[in-house]
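A quick write-up on the structure given underneath.
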């Protein structure tokens, strides 16, 4: 699909969702919900948002190739800038910024860093599916769309795990097989692209094999579970800010529903789909008024973005980097671009 068409369709999805909510909105109740907001929880929300990025850095350290050491603060800084890029760039192109920033700051191979992020996503899927299953056990009525989303995520996790196992077992042979397939399918029409992809796959397989011990594997699982538990706690803290103190399962339900929703195509920043996930969880599953839920969604969406902006500005100042420089250099031909 043409990149511009994909961007347009993704943005249209966000517009349709927001228009749907706005058409049936009780605006008085929406604004009244903000009056009950305890802004003292703002610092706690900022703290949780920062802590989540630090936990991701700790896990990333385990997933990167073990043939060298890594500075946790550098990994944290790369995670911050990468997360900001995900917020502001279309089609999740920001995922390609984080490994580029790490290469810039610490000389880590771009392909190896990118492979570690793919591995990270597999662990995220497995952790989220674990909590998703627990949430489904607690819910009486589960929408068919949610079950379908869980099935898609489960299939992706199984495929990813199978690829990891294949990489461990076959190593360079897997790279050779992938190269042979590319040669047969694309070499005649796109020879230069095939050579570039073959080089990326070669380092990709080595990157996936970076988890070289049972200890590292256990640490990756542990940090993944901790990460997702703290996301649920972040959502729970948002409810406290509105004077709501429900069971922790409400925060966990928000966690998994929003995760499924933001996997949908949308405008940059998950506009619309984030709110959709909150409404599906709070209003659909627990009966909260939609006006309250959307007020909650706006605050949670805005505070997470604001925290990311502040942290990014601090990182750029500390490193003497400019945001425009990062986006420009990371999108040059030497940096692999996402396929659409």
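Residue numbers (our numbering): 1049 to 1388. Glycine included, C-beta positions come from ideal geometry on N, C-alpha and C.
- Taking just the CA atoms, how far does residue 1329 sit from residue 1355? Cα to Cα, residue 1355 sits roughly 24 angstroms from residue 1329.
- Pair within 7 angstroms by beta-carbon distance, residue 1343 and residue 1058: no
- Task: Evaluate the contact criterion for the region 1073-1082 versus the region 1320-1340: three or more CB pairs, one atom per stretch, below 8 angstroms.
- Result: Note that the region 1073-1082 touches the region 1320-1340; at least 3 beta-carbon pairs, one per stretch, sit closer than 8 angstroms.
- Item | Residues that DSSP places opposite residue 1315 in a beta bridge | 1319
- Indicate whether the contact test is met: 3 or more Cβ pairs, each with one atom in the region 1291-1306 and one in the region 1258-1268, closer than 8 angstroms. Result no; under three Cβ-Cβ pairs closer than 8 angstroms.
- CB residue 1206 to CB residue 1226, shorter than 7 angstroms? no
- C-beta atoms of residue 1351 and residue 1093 nearer than 7 angstroms: yes
- Query: Can you name the start and end residues of the alpha helix (DSSP H) that residue 1369 belongs to?
  - Reply: That residue, residue 1369, is in no alpha helix (DSSP H); it is neither H nor E in DSSP.
- Query: Among 1279, 1233, 1101, which has the Cα closest to the Cα of residue 1175?
  - Reply: Cα-wise, what sits closest to residue 1175 is 1279.
- Query: Contact between the region 1125-1145 and the region 1219-1236: three or more CB pairs below 8 angstroms?
  - Reply: No, the region 1125-1145 is not in contact with the region 1219-1236.
- Query: Which runs of the alpha helix (DSSP H) spanning at least 4 residues fall entirely within the region 1112-1149, listed in chain order?
  - Reply: 1120-1136
- Return yes when the Cβ of residue 1149 is within less than 7 angstroms of the Cβ of residue 1126, no when it is not. yes
- Pick from 1259, 1357, 1106 that is closest to residue 1213, judged by C-alpha positions: 1259
- Query: Between the beta-carbon of residue 1118 and the beta-carbon of residue 1109, is there less than 7 angstroms?
  - Reply: yes
- Do residue 1316 and residue 1138 have their C-beta atoms within less than 7 angstroms of each other? yes
- Message: Tell me which residue opens and which closes the alpha helix (DSSP H) that residue 1286 is part of.
- Response: 1262-1289
- Message: Just verifying my parser: in three-state terms, what is the DSSP assignment at residue 1219?
- Response: coil
- Query: Thinking C-beta only, is residue 1257 closer than 7 angstroms to residue 1215?
  - Reply: yes
- Query: What first and last residue would you give for the alpha helix (DSSP H) that runs through residue 1299?
  - Reply: Residue 1299 -> alpha helix (DSSP H) spans 1296-1309.
- Task: Take the Cβ of residue 1133 as the centre, count every other Cβ of all protein chains shown within 10 Å, and call the residue buried at 16 or more, exposed below.
- Result: buried
- Task: Report yes if the CB atom of residue 1325 is closer than 7 angstroms to the CB atom of residue 1065, and no otherwise.
- Result: no
- Item | Three-state class that DSSP yields for residue 1090 in the structure shown | helix
- Anyone know if the C-beta pair for residue 1345 and residue 1089 falls short of 7 angstroms? no
- Query: Around the C-beta of residue 1151, are 16 or more other C-beta atoms found within 10 angstroms, so that it is buried, or is it exposed?
  - Reply: buried
- Message: In whole angstroms, give me the CA-to-CA distance for residue 1283 and residue 1157.
- Response: Taking the CA atoms as reference points, residue 1283 sits about 35 angstroms from residue 1157.
- Message: Just verifying my parser: in three-state terms, what is the DSSP assignment at residue 1373?
- Response: helix
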